[in-house]
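Below is one structure, written out as structure tokens, with a few remarks after it.
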Amino acid sequence: MDSKNKMVAEARLFIRLGLLSTVGFVFYYAHLFFGLLNNVVLFKTLAITFLLATIPLPIIAMNNKKLFPELTKSGKTILTFVTAMLLFHHFLMTFIFVMFLKGEAVF
């Protein structure tokens, strides 16, 4: 695989994982406020899955200098910071969901 195809594949992977993490963000708050899932095992499995999908995002953003070549240095720094904050958010929400919630809405 030449470098351009590899760069495109990594950008696609980053975008797909970012979209999956966004769906996870919606899942966390939809369940927190509305209690969408009654099955506790499925609910905890989804929370862990969204966390695991978010882990590679800051790693890809920091280590790949050619991820989005149009971004400036400050843009790449912001992208790395946002993905790290998203990972931190998903970690805390997964911890709360798995350890404390029993599958019902909080509010």
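Residue numbering for the sequence shown follows the numbering used here, beginning at 964 and increasing consecutively. For every residue, glycine included, the Cβ atom is placed at its ideal position computed from N, Cα and C.
Pick helix, strand or coil for F1063, following the three-state DSSP scheme.
-> coil
What is the DSSP secondary structure of K1007, counted as helix, strand or coil?
-> helix
When the distance is taken between beta carbons, is L1050 closer than 8 Å to A1115?
-> The question about residue 1115 has no answer, for the chain in this structure spans 964 to 1070.
Within 8 Å, strictly: CB atoms of A1016 and F1060 | Cβ distance not < 8 Å, so A1016 and F1060 don't count as in contact.
If we cut at 8 Å on Cβ distances, does T1046 have a partner in chain D?
-> Any reference to chain D falls outside this structure, which holds one protein chain only.
Residue from N1026, L1014, P1021, K1039 whose Cα sits closest to the Cα of F1058 = L1014
Mark F1006 as exposed unless 16 or more other C-beta atoms lie within 10 angstroms of its C-beta, in which case mark it buried.
-> Buried: at least 16 other Cβ atoms inside 10 Å.
How many whole angstroms separate the CB atoms of S984 and L1020, which I take to be in contact at a CB cut-off of 8 Å?
-> 6 Å
Please state whether DSSP places L976 in a helix, a strand or coil.
-> helix
Around the C-beta of G981, are 16 or more other C-beta atoms found within 10 angstroms, so that it is buried, or is it exposed?
-> Buried, because 16 or more other Cβ atoms sit within 10 Å of the Cβ of G981.
Classify V1018 as helix, strand or coil using the three-state DSSP reduction.
-> Before going on, a small fix: residue 1018 reads as Ile here, not Val. DSSP places I1018 in coil when its eight states are reduced to three.
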